[in-house]
Amino acid sequence: MTQDILVNWTPQETRVAIVEGGAVQELHVERTLERGLVGNIYAGKVARVLPGMQSAFIDIGLERAAFLHVADLHREDHGSRGGRAPDNPLPIEKRLHEGQTLMVQVIKDPIGTKGARLSTQVSVAGRLLVFLPQDDHIGISQKIGSPEQREQLRERMVRLSQPEGEPRRAGGYILRTNAEDATDDELGSDIAYLRKTWNTIREQGLKAAPGSLLYQELNLAQRVLRDLVNEHTQTIRIDSLVQFESLQAFGQEFTPSAVGRLNLYRGERPIFDLYNIDQEVERALGRRVDLKSGGYLIVDQTEALTTIDVNTGGYVGARNFDDTIFKTNLEAAQAIARQLRLRNLGGIIIMDFIDMTREEHRESVLAELRKQLARDRTKSTLNGFSPLGLVEMTRKRTRESLAHMLCQPCPTCEGKGQVKTARTVCYDILREILREARQFNPREFRVVASATVVEMLLDEEHQHLAGLSDFVGKPISLQTEPSMSPEQYDIVLL
Numbered sequence: 001m002t003q004d005i006l007v008n009w010t011p012q013e014t015r016v017a018i019v020e021g022g023a024v025q026e027l028h029v030e031r032t033l034e035r036g037l038v039g040n041i042y043a044g045k046v047a048r049v050l051p052g053m054q055s056a057f058i059d060i061g062l063e064r065a066a067f068l069h070v071a072d073l074h075r076e077d078h079g080s081r082g083g084r085a086p087d088n089p090l091p092i093e094k095r096l097h098e099g100q101t102l103m104v105q106v107i108k109d110p111i112g113t114k115g116a117r118l119s120t121q122v123s124v125a126g127r128l129l130v131f132l133p134q135d136d137h138i139g140i141s142q143k144i145g146s147p148e149q150r151e152q153l154r155e156r157m158v159r160l161s162q163p164e165g166e167p168r169r170a171g172g173y174i175l176r177t178n179a180e181d182a183t184d185d186e187l188g189s190d191i192a193y194l195r196k197t198w199n200t201i202r203e204q205g206l207k208a209a210p211g212s213l214l215y216q217e218l219n220l221a222q223r224v225l226r227d228l229v230n231e232h233t234q235t236i237r238i239d240s241l242v243q244f245e246s247l248q249a250f251g252q253e254f255t256p257s258a259v260g261r262l263n264l265y266r267g268e269r270p271i272f273d274l275y276n277i278d279q280e281v282e283r284a285l286g287r288r289v290d291l292k293s294g295g296y297l298i299v300d301q302t303e304a305l306t307t308i309d310v311n312t313g314g315y316v317g318a319r320n321f322d323d324t325i326f327k328t329n330l331e332a333a334q335a336i337a338r339q340l341r342l343r344n345l346g347g348i349i350i351m352d353f354i355d356m357t358r359e360e361h362r363e364s365v366l367a368e369l370r371k372q373l374a375r376d377r378t379k380s381t382l383n384g385f386s387p388l389g390l391v392e393m394t395r396k397r398t399r400e401s402l403a404h405m406l407c408q409p410c411p412t413c414e415g416k417g418q419v420k421t422a423r424t425v426c427y428d429i430l431r432e433i434l435r436e437a438r439q440f441n442p443r444e445f446r447v448v449a450s451a452t453v454v455e456m457l458l459d460e461e462h463q464h465l466a467g468l469s470d471f472v473g474k475p476i477s478l479q480t481e482p483s484m485s486p487e488q489y490d491i492v493l494l
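Residues in the sequence shown are numbered from 1 upward in steps of one, following full-length UniProt numbering.
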């Protein structure tokens, strides 16, 4: 399926939408003050080693210390080819100590309360290749075709990456998918760029203070040309002349095949209005996703997992009940795959399709879901239906979801999605007054609460309030505080 890429640039934010079949499938957002960290290389300092977890916390100059597991430590001893972990690796406490400095790379952004995840197995990405400076092997993307073609590419890379006059190759490489049809000149240019970049990083690492940034990943607009453009991309439209010229210069040096697809958008309407992308974003932040048939999805995201519930809603169009359920689930499978990409949902995902009695219907729904997920660049694994009728899958998570990036927990409900009723808060207040009366002997109790709670205490709960006042032998006065949420209150002892 052909795709168009729209780039909306402002000094404070870059937004990129991938449109397929007239509908937005992915949205990438990068804010100037909140750029992602994946790919960045730092001079880190070991802050704490945790032998029980076989991990360490590393200070890289961020608000929270980053996390390094023993499995992500590069291994240089015993001549381990490719830095692969041995069967019995040394424990982390024998490989790291507090205060030690080391070069680390971010492999996962900080998410929620978790700090960034690090690796000492450093890599630098180019347009066609990924350079592994601590390695010496040649890897090929799994998406590149036949074994014969893979072997030919490997032989070419062995020849091109061997520096003249040197006994062995200086570093290893992984060929990315778009290197499948690359010429020797293109591969050679990428090799030269990556080596030059790595030499600069290494020189800075020798003199930089702990916590220093040694290398920063490309910005979002540049990553569009490097990572998002493929053979299905028709156009890349950008609405900023300055960024258009900047991308042209970048593309001519690193991605010449993509330069011809760059277009400067000069329309009067905002570029995202062409495909109603802002409205799609608003829908992607909601729990409910309506299906064309009348059914709908309910998407609930937590820190650990995401649940997606499928409902028939008002759809009664099929000839019998089984067909109605099957058609709703089939449409839901397409919508779910799109929502995963659009919302950038990762981790564990549990889908509750409507129960289907026929095995062929279940297999058809799974086949459709797998087909749609195959269009997703992010790696995922999908299991079949469980005995409870649920479908479980995982999707790799390397950055914040769209909701976590654009939203924050509600200050009133603190992310619960609901608040106590006014009556419940009234009874909390009555119990608190009784508790305070047993410990203190004030002249008067004053209740400060929201208008809704105070109104209920004066009206429906007036009798209970008066009875409590008689029981404790103290007057109880009420005061409204407009700034308080429905659950907030304060009891002042006068």
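All residues carry an ideal CB built from backbone N, CA and C; glycine is no exception.
Nearest neighbour of valine 104 by Cα position, chosen from Pro89, Arg127 and Val70, turns out to be Val70. In this structure, the beta-carbon distance from arginine 127 to arginine 269 does not fall below 8 Å. The segment 459-472 makes contact with the segment 430-444; the number of CB pairs closer than 8 Å reaches 3 or more.
Excluding its 5 nearest sequence neighbours in each direction, glycine 61 has C-beta neighbours in its own chain below 6 Å: Gly211, listed in chain order.
In the DSSP assignment, arginine 150 falls within the unbroken alpha helix (DSSP H) covering 147-160. Nearest Cα to alanine 337 within the set Glu360, Asn320, Val289 and Thr302: Val289.
Taking 8 Å as the cut-off, the beta carbon of leucine 118 is found closer than this to the beta carbon of valine 106.
Taking a contact to require three or more Cβ pairs closer than 8 Å, the segment 396-403 and the segment 28-40 qualify as touching. Valine 281 and glutamate 217 have their C-alpha atoms roughly 26 Å apart.
Contact between threonine 14 and glutamate 30 is confirmed by a C-beta separation of about 5 Å, below the 8 Å threshold. Within the segment 319-346, the complete alpha helix (DSSP H) segments of 4 residues or longer fall at 321-343, listed in chain order.
In this structure threonine 177 is exposed. Its beta-carbon is surrounded by fewer than 16 other beta-carbon atoms within 10 angstroms. CA-to-CA, the gap between leucine 50 and arginine 150 works out to about 42 Å. In this structure, the beta-carbon distance from histidine 232 to methionine 1 falls below 8 Å.
With a 10 Å radius around the Cβ and a threshold of 16 neighbouring Cβ atoms, glycine 22 comes out exposed. Of the candidates Ile41, Thr424 and Met456, Ile41 places its Cα closest to the Cα of lysine 108. Beta-carbon to beta-carbon, asparagine 276 and arginine 237 are separated by about 16 Å, too far to satisfy the 8 Å threshold.
DSSP, read as helix, strand or coil, puts phenylalanine 440 in coil.
For leucine 50, the enclosing beta strand (DSSP E) starts and ends at 41-50. As the crow flies, the alpha-carbon of glutamine 463 is around 57 Å from that of aspartate 273. The segment 360-371 makes no contact with the segment 303-312: fewer than 3 CB pairs, one atom from each, lie closer than 8 Å. Going by C-alpha positions, threonine 32 is about 9 Å away from threonine 10. Proximity to proline 442 across Gly294, Leu494 and Glu331 peaks at Leu494, based on C-alpha coordinates. Aspartate 184 is a Cβ neighbour of leucine 160, given a cutoff of 8 Å. Annotation: glutamate 253 is outside any beta strand (DSSP E); the continuous alpha helix (DSSP H) that includes it extends over 241-254. Per DSSP, alanine 451 is one residue of the alpha helix (DSSP H) stretching across 451-458. Shown here, lysine 196 sits in a helix according to DSSP, grouped into three states. In the three-state reduction of the DSSP assignment, alanine 209 falls in the coil class. In this structure, valine 453 places its C-beta atom within 8 Å of the C-beta atom of cysteine 426.
Here the alpha carbons of lysine 143 and tyrosine 193 stand approximately 24 Å from one another.
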